[in-house]
Each structure stands twice: as structure tokens, then as C-alpha cells.
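J.: Following this message is one structure expressed as C-alpha cells.
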Amino acid sequence: MGKLLLAIALLLLPALSQASNIYKCIKDDKVVFSQTSCPKEFKQHHIQYQLGIATETDSDKPKEEVDPLQALLNKRTLSQEKLLQLIDAEIYRLKQENSYYEILRASEKQKLDRKRYWQEQAKDDPEFLAKLDEMNRYFDGLIKLNDDVVFMLKRHKLRITQTPEQEELREQKEQPDRGAPQVVQH
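Per mature numbering (1 follows the signal peptide of the UniProt record, and there is no 0), the sequence shown runs over residues -19 to -1, 1 to 167.
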């Protein structure tokens, strides 16, 4: 009985998820609203309803996918404050992901310990130590990848924050000293 209910729920899930998508299909003077995508000969507008506000967007236009990391590193598309905020958010996310990896590592180690116990293996069993080493190398690799990206983002953030200060120093070097008398020739 439980399996039957689960199967029915899984079959109805895609239909229920489509219920929040409403499409406005337009052809000549005819306008039709639908919960499924419009046929090819119709123009399609996607209507979203959220927090009491309906938003209509032309979904015929191709969506431009922007890589978030590329947008982060391309400072011409973002203000400096927004760029720094996004870099900080990405650094925080990567550190959180590393913490999650440490939790997963502890859980996997616990699984290996239980398996070793029930198979009555010693703690210094070569098979157990090999699996433990493989698991540690896997998680160390994931954490190292994130740490490398964090290092790169911190370096980029440092470059961004130092740029205005370096410009001020350069301008001060280029301007003559205001306190010194200057010779003006007529």
C-alpha cells in the first residue's frame, strides 16, 4: 500500500510543479492562458505570481546565461561595492562548503569504522587503512580546490581594494609639492 501511494505521489509531482507556471499564448488577436508551454506558432509570455505580484516576461527571447564567477571577476559589469560583496559571499560559501566536507568526512570515517568493526578487522588492517587513506585524499582534494579558489578571490579582492589607494599615491607623485615656491615665467 505504501509503495502504491509513493508511486502515485511521484507521478503527480511533475504535474503539481507545473501548476505555478502560467503561460500567455498570443497569436494574432487570440490570447490563451495555459499551464503548459505554448505551441510554436504562438508567441509565449511567462507569468509568475509571487507575494501578490504578477510578473509577465516574454519567454520567446533567449535567456542570457551568465557565469557567476565570470561576472564576479569582470569588474566592468559591476560596481566596486557590489563586486566586493559578491566576492565576500563566494568566499563565505566556499568556506561553508569546506565545513560541510569536514562533516561528510567524519561521517564517512564513522561508516568505515562501523564496517571495520562488524567485519572484525583490526584498526591497523591494510584494507581499512587503504580505504581510509583514499577517503581522506578525496576530501582533501575537494577542500584544496575550494581553498585555491578562495585564495584567488582574496587576491582579486586585494587588487580591487588597493587600486584607488595606488591611484592616489600616483597622483600625489605626479603633482608638484604645493608648499614649495614655484617659478612662473612670463
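The beta carbon of each residue, even a glycine, is placed where N, CA and C say it ideally should be.
Have a look at residue 38 and residue 100 and give me their C-alpha separation to the nearest angstrom.
T.: 60 angstroms
J.: Please give me, in chain order, every unbroken run of the alpha helix (DSSP H) with length at least 4 that falls completely inside the segment 57 to 93.
T.: none
J.: Which residues mark the beginning and the end of the beta strand (DSSP E) in which residue 18 is found?
T.: Residue 18 -> no beta strand (DSSP E), and no H or E assigned at all.
J.: So, residue 28 versus residue 134, is the Cβ gap smaller than 8 angstroms?
T.: no
J.: Would you mind giving the Cβ-Cβ distance between residue 64 and residue 141, rounded to the nearest angstrom? I have them listed as a contact below 8 angstroms.
T.: Correct: roughly 6 angstroms between the Cβ atoms.
J.: For a quick check, are the C-beta atoms of residue 116 and residue 138 less than 8 angstroms apart?
T.: no
J.: Can you give me the C-alpha to C-alpha distance between residue 20 and residue 36, rounded to a whole angstrom?
T.: 21 angstroms
J.: Starting from the Cα of residue 110, find the closest Cα among 14, 125, 72, 93 and give me that residue.
T.: 93
J.: Determine the burial state of residue 121: buried for a count of at least 16 other Cβ atoms within 10 Å of its Cβ, exposed for fewer.
T.: exposed
J.: Bridge partners for residue 124 per DSSP, in chain order?
T.: Bridge partners of residue 124: none, in fact.
J.: Considering residue 5, what are the terminal residues of the beta strand (DSSP E) in which it resides?
T.: 3 to 8 is the span of the beta strand (DSSP E), which, as asked, contains residue 5.
J.: Using DSSP with H/G/I as helix, E/B as strand and the rest coil, what is residue 102?
T.: coil
J.: Check the Cβ-Cβ distances between residue 96 and every residue of chain C, and say whether any is below 8 angstroms.
T.: Absent from the structure is chain C; it holds one protein chain and no more.
J.: Do residue 5 and residue 26 have their CB atoms nearer than 8 angstroms?
T.: yes
J.: Can you give me the C-alpha to C-alpha distance between residue 113 and residue 126, rounded to a whole angstrom?
T.: 20 angstroms
J.: Select from 96, 118, 124, 71 the residue whose C-alpha is nearest the C-alpha of residue 80.
T.: 124
J.: Using a threshold of 7 angstroms, is the CB atom of residue 20 nearer than that to any non-hydrogen atom of the ligand ZN?
T.: With respect to small molecules bound, the structure shown includes none, and the ligand ZN cannot be examined in it.
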